[in-house]
Each structure stands twice: as structure tokens, then as C-alpha cells.
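Chains as they are written, first to last, in numbering that gives the first Met the number 0: chain F, 0 to 329; chain L, 0 to 378. For every residue, glycine included, the Cβ atom is placed at its ideal position computed from N, Cα and C.
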Amino acid sequence: MSNRLSRLVPATAETPVRSAKPSHPEKHWRLPTDWREMLIGYGLILPSFWVFLVFYYGPAFFLFYIAFFHWNIFASQSQFVGLHNFAILFHQPVFWLSLFNTAYYVVLVVPVTTLLALALALLLRESAGLRGGGVTRALVFLPHVTPVVATSIIWVWIFNPNFGLANALLRVLHLPALNWLASTHWALPSVMIYTVWHSVGLYTVLFLAGLATIPRHVLEAAQMDGARGWLAFRRILWPLMGPITFFVVILVSINTMQTFSQIYTLTGGPHGGAGGPAFATTTDSLLIYQTAFLYLHFSLASAMSVVLFGLILALTLVQKLIADRFVFYR
Amino acid sequence: MGSITLRAVSKTFGSTTVLRDINLVIQEGEFVVVVGPSGCGKSTLLRIVAGLERATSGHTLLDDRPIDNMPPYHRNIGMVFQNYALYPHMTVYDNLAFGMSAHKVPKKEIQTRIGQVAELLELQTLLRAKPSTLSGGQRQRVAVGRALVRQPHAFLMDEPLSNLDALLRERMRVELRRLHERLRIPTLYVTHDQTEAMTLADKLAVMRAGEVLQVGTPKTVYQQPATVFVAKFLGSPPMNLVRVESRTRGAMNPVGGAEEAVAMPAWIQEGWEDATDENGTIWCGFRPESVMKRRGPGGLEIPITVEAVETLGPRCHVHGSWGGQPITLTAEDGAMWTRGAVMRVAVPWDQVHWFHGRTERRIEPRPARLETLETGGAG
């Protein structure tokens, strides 16, 4: 076995070992080397593969199954109903409302998060040599390492119409106070604000990593060529950041389309009423959760999940098509 | 067209001094090469002229106007980077056009100028290609073209040939020199390659550890190196440098050598005490090609023990020793040198170089020495 394992590290000691005992080749029948390596490889990933299969892919595939069945968690039998669940879904106004809310949420959060992260990354890069640069980086990233539920509860206080920080800020700016989470107009934007605050640090770090891969000399050459400011950014820096930008946009899109925890905590929490007021914050994933675990309509919730899956897939493919045209890979 | 002047330029990074009191002038139409081992600060010097780095003290002047506070994009200096630094997402045409469009040059003129530069550098067929599809030599030409097309006041080149293979490097070296003969744009060229330095330069500046040791034409620097370092750095094979001591008046030996003492010129003997280090030794140097097989009238006559002979076609390198110190000399006929034999050779006195034992600075015979004292220093 040690012989096998040694093949996994670059320096292989196999050849001398084999040549040391050339006798009885027929007694030691072995699988061809590539087969053995393949079996060892699969053997090594098997434990985690099982965990993934049972707790991750299993439920995911099961979801596709029950989306087409009339399925009850308490009943032993289920009945194939074809697209019936989808038909019910499409006749539910709240489903369409949730799709609209999700779109509204994604369309605002994705560009705002991406652009803010990009701006922060550029600022942090400029301040890299300055005193306190490291601390600033840490502070920008810090919100992302806090638990969503815990910080959401803090933000419930910030958004409190009577004594929250948000309205205090508006008063300082001589703007009218808002009802924030209690307002049908402002509840979803409040969630957006929280989400941007919580996630922008991660994408800033990703952008910083992307910026670091751009050769310094190319930027200096642009300086020597007389480019600076907006021109240097638009013609040199931005095109070279295409791949990382594309990656960040995809990641933000997928994450925002699946937003759940902060909506649940900010708008109702365990006491019920999440998604309110008046369904103003009921997005896809919240509706899926409520349909499945509040009303126990698992088939319906599964059908919704299938729709959401399709939407995310479609969006990613569209983004990929756009990226293939406009993103330059070195 | 213009000239570049560096006046008492120093640069420190934290507590490390990278450049110390650099004075250098690049006249109109001059090709100046800064040469030195890696880490001597030559690239930093170039970056200060470019404006990519700020000098800690001292001034940079372009056409006698100080440009210390001028950002690089206003200096109109063309720079060729070691790794070319082409814009990877742009075609060759756009690489060339970018600087001009940044300066709002009309489209028509951009086209004309790119046409001219493309013809000059034979880039016509490459204009639509992206840099990643080009060979090293082609990229190099594009990088030169990009610096050229903006009609800069001056050219900066940071080891532009070091990423090319030997054959191509030689060809591009000739091309660069030819280009300079045609355009006469003042150029500051940085390299660690002594062949590039010797062949390209109108004027050579040898640097070491943040200091310019000597400035002069390649010929002057080669024939009258100002220090032991310069003497060793230029020339292949390098100059033979032997520490000698004087046990009896008027004669000298290699340090520790048991051989008979050889005569030394009277002017060295006179100044001997002032030129030695604490052990009473000074440096005596001569180039491999200065060594003659036959004894001439006067000169340094030494016995050399032959240890190895390398034949390089038209000539050969003979490696041997004098009093235990390694000596290399070039000869035309390798067959004349037999391994193990002790051969007597001679070097004319005017081709023997003397350096101070402690300061390692060049010591000149009296008349020249007085001259340098009067003008206030060497170099």
C-alpha cells in the first residue's frame, strides 16, 4: 500500500522497488496501473461522496421527483400528477408576486453590490501602502464573517422607525423619516441594504485578488502612454478585470436569488409574519420555505424550487453568453 | 527632442539607500547605457526619470526644466519595459494607438503615424494580431513601436532584450542601434549585459550599489576603468587583477607568491606608500588581450604557469596562474601553450592598470594624475 500511496506524491519510488524483485511475475497479478490509480482515487473520495449523495444530491433529485407528484409527508403513497403542481402554482398571485419581488431584489442588489465592491477594491488598492490599510481591509470584510441571523437582529433595531439609527441618520440629513421594515415600499429595500452591507466585503476581497493578477507594468505602460483616471480605468483596468467581474456577477446573482435568512429574520422571524408586510418581502425562497414547512405543501414547494432552479440556470447561461462575447481572458 | 539631466538624485526606501547622489546627463541625440549588476539601482533610476518613482532628493530635468513633480502621463517619455507590458486585450494597432488617442490626436494622424512606425519596424502584417499570438521578438518590436509612435522627447528602455534568446537578442541589438542612428531620440537604456552596454552606448554609466562609478564612452571606460569593479565588470574574459606587495624596493610580487619579484615602474614606486591598504598591497591589473608572448622592450614581465587552454576557433583562452593568483590571457595559437609549463609573458606598461589597495580607485601616472587633481576628481 505504501507503494501505491507513493504514486500520489510527485517523486515516485516505484521503478526501483519493482526492479528489485523481478521473479514470479505471474504470482503477483495486478490491475493495470491507471485502473489501480482510478480505484484508489475513487476510494479516497468515497466517504465525502456518500455524504454529498445522501444529504445534498439526494434531496435535490428527490425534489424533481415530487414536483411532478401529489406527495404528502404523512401518506405512504404518492400519485403522479404531471404538471398539475405547476398549473396550481401559475394560478397563484402570490407566486407571481414572489417572482416579481425576487426580480426587483436581484436587479437592484447585483449591480449595487458589484459596483460598490469594485469601488471599494480600487480604493483599498490605492490605500495599500498607507497606515491602517490592513485594518480598513479587515473592517470591510468583517460584516461577511458575522452570522446573518445575529446581525439581522441588530439591523431590526437600526431600522426601528422610532429610535433606530437609520432614521436618526435621515434626520441629520433633513430627510423625512421612513417606516423601513414596516412599510410595503421600503421593507424590501431595507433587506437590500442589509444584504449589500453583509456581502460586499466578500466581493471586495475577490476584486482585490483579481486586481492583484493584473501585471503592474501594463498599468505603468498606460501611465507612460498618458492615460489616467477614467480613461485608464475604462480602457485598461476594466477590460483586464473582465474575468473576475464576470465571476463576481455570477456569484452575487446566485446568492441574491437564494436570499432567505435575512428576509426571514428581518421581517418576522420565528414569531411568524415573515415576508410581510403584505407580502412585500416575499421572495421565491421565502415562499418555498413557507409553502413547504408552514403549510406542508411539499409538492408545490418543490415545483417552485424547480422554477427557481430554471431561472438561476437561465440567468447564468445568459451571463455566460454575454461574458463569452465581452470578457477577455489572458 | 530633448535632453535629460539628473542632478544629485538620491532614493531611499525606508532605511535602504537605493540611489546615492546620481549625476548624469543624456544629451540631445545621445544613447546612454546604464550598466550594473542586478540590484544596483539602475532600474529605479530609470523609473525616476519615467515618473513612476519619486526621488527622495535631487532633481530630474527635461530640457533644463525640472520635472520632479510632473506625473508620468505629462512627461511624454516613451518607455520600453523588460516584459514589454503590452495591453493584452488590444490588437497591435490599438496598442500603438492608445497613447495617441489618450492625447486626443486626430484619427487621421493616428493612422498615418502608425503606418510610418509599422513600416519602420516591419509591423504592417501584425497590426490586427493580439499580443498573445506574437513571438518574443515581435512583441519587442511592438513595445518599441508603442513608445516611438507618440514622438516622445526621450526613450527609456529597461532591459528590453533580456527576454529574448541569444540569437534574436543580437539581431534586435543591431536594430535598436540602427533605429537610434536614424531617429536620434535621446535614450536611457538600462542593462546588466556588458556586451549590450559596450555595443549600444554613446556614453556608458557603470553603477554599483546605488552609485555611479564611472561615466564615459565605452572606449574610455574600457581602457581606463575608474575602479577595480568597473575593470572586472567590463570585458570578457575579465581583466586580470592581482594584489601585489613590494618586499624589496622597486620590485613586487603577487601576495603570498614565492616567485621571483618583478620590476615595477618608477612612478608607482614613488607613490607606493600612499596607494597601499593596511597590508601593504595594491591592485595590479591587465586585460587578457594585453598579454604578449614575446618579451617587449620594458613592461610587466611575469612567469605564468599554464593550467588549461580553451580553444574558441580564431583564438583561445589560456588559464594559468602567477604566484598562485589566477590569470587568463587570450592567444591566437593554442598549440604554443603547454599545460604545466611556466611561460614568460610581457604586458606593455601603458596597458597595465593600477588601483589603490584600499579605495580600489584607479591610479594614473603622474602627469594624468596631476590633471585629475586639478579638475577635481576622477571620472
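Inset, instruction - Tell me whether H69 (chain F) sits in a helix, a strand or coil according to DSSP, three-state version. - result: strand
Legend entry - Extent of the continuous beta strand (DSSP E) run through Y188 (chain L): Per DSSP, the continuous beta strand (DSSP E) segment holding Y188 (chain L) begins and ends at T186 to T190.
Legend entry - Reduced DSSP secondary structure (H/G/I, E/B, other) of M156 (chain L): strand
Inset, instruction - Report yes if the CB atom of R145 (chain L) is closer than 7 Å to the CB atom of N75 (chain L), and no otherwise. - result: For R145 (chain L) and N75 (chain L), no; Cβs fall outside 7 Å.
Inset, instruction - Report the option in L:D164, L:E331 and L:Y92 whose CA atom is closest to the CA atom of L122 (chain L). - result: L:Y92
Legend entry - CB contact below 7 Å: D323 (chain F) versus chain L: no
Legend entry - Boundaries (first-last residue) of the alpha helix (DSSP H) holding D201 (chain L): Note, D201 (chain L): premise wrong, no alpha helix (DSSP H); not H, not E.
Inset, instruction - Determine the direct distance from the alpha carbon of A118 (chain F) to that of V326 (chain F), and round the result to whole angstroms. - result: 19 Å
Inset, instruction - Work out the CA separation of Y328 (chain F) and V248 (chain F) for me, nearest whole Å. - result: One C-alpha to the other measures close to 16 Å.
Legend entry - Buried versus exposed, by CB contacts within 10 Å (16 or more), P21 (chain F): With a pLDDT of only 49 at P21 (chain F), under the threshold of 50, the placement of this residue in the model should not be trusted; the figure read from the coordinates follows. So P21 (chain F) counts as exposed.
Legend entry - is_contact[M223 (chain F), chain L] using C-beta, thresh 7 Å: yes
Inset, instruction - Only counting runs of 4 or more residues, tell me where the alpha helix (DSSP H) segments fall wholly within the stretch 307-348 of chain L, in order along the chain. - result: Taken in chain order, the whole alpha helix (DSSP H) runs of length 4 or more contained in the stretch 307-348 of chain L number zero.
Legend entry - Where A128 (chain L) sits in the DSSP three-state scheme: coil
Legend entry - CB contact flag (G28 (chain L), R183 (chain L), <7 Å): yes
Inset, instruction - Taking 8 Å as the threshold, find out whether the stretch 56-73 of chain L comes into contact with the stretch 215-226 of chain F through three or more Cβ pairs. - result: The answer is yes - the stretch 215-226 of chain F touches the stretch 56-73 of chain L, with three or more Cβ pairs under 8 Å.
Legend entry - Residues near Q78 (chain F) in its chain [Cβ-Cβ closer than 7 Å; skip 5 each side]: F68 and H69
Legend entry - Interfacial residues, the stretch 207-239 of chain F to chain L, with Cβ spacing under 9 Å: P214, R215, H216, V217, L218, E219, A220, A221, Q222, M223, D224, G225, A226, R227, L230, A231, R234, I235, P238 and L239
Legend entry - Chain-ordered neighbours of Y221 (chain L) on chain F, where CB pairs are closer than 9 Å: Result: empty, since nearest Cβ-Cβ is about 33 Å, beyond 9 Å.
Legend entry - I301 (chain L) versus L:P253, L:E288, L:V33 and L:V141, residue with shortest Cα-Cα distance: L:P253
Inset, instruction - Quick one: measure Cβ to Cβ for V305 (chain F) and V195 (chain F), integer angstroms, because I've assumed they're closer than 8 Å. - result: Not confirmed; about 29 Å, so no contact.
Legend entry - Short CB-CB distance (under 7 Å) between F327 (chain F) and chain L: yes
Inset, instruction - Specify the secondary structure class of N22 (chain L) as computed by DSSP and reduced to three states. - result: strand
Legend entry - Pairwise C-alpha distance: V155 (chain F) and A149 (chain F): 10 Å
Legend entry - Coarse secondary structure for E409 (chain L), derived from DSSP in three states: No answer is possible for residue 409 (chain L): it lies beyond the span of chain L, which begins at 0 and ends at 378.
Inset, instruction - Would you kindly work out how many angstroms separate the C-alpha atoms of Q139 (chain L) and V227 (chain L), rounded to a whole number? - result: 35 Å
Legend entry - Proximity to D164 (chain L) [Cα-Cα], best of L:P224, L:L175, L:S134 and L:H179: L:S134
Legend entry - Residue range of the alpha helix (DSSP H) that includes M256 (chain F): G241 to M256
Legend entry - C-beta neighbour in chain F for G13 (chain L), strict 7 Å: Chain F contact via Cβ: absent.
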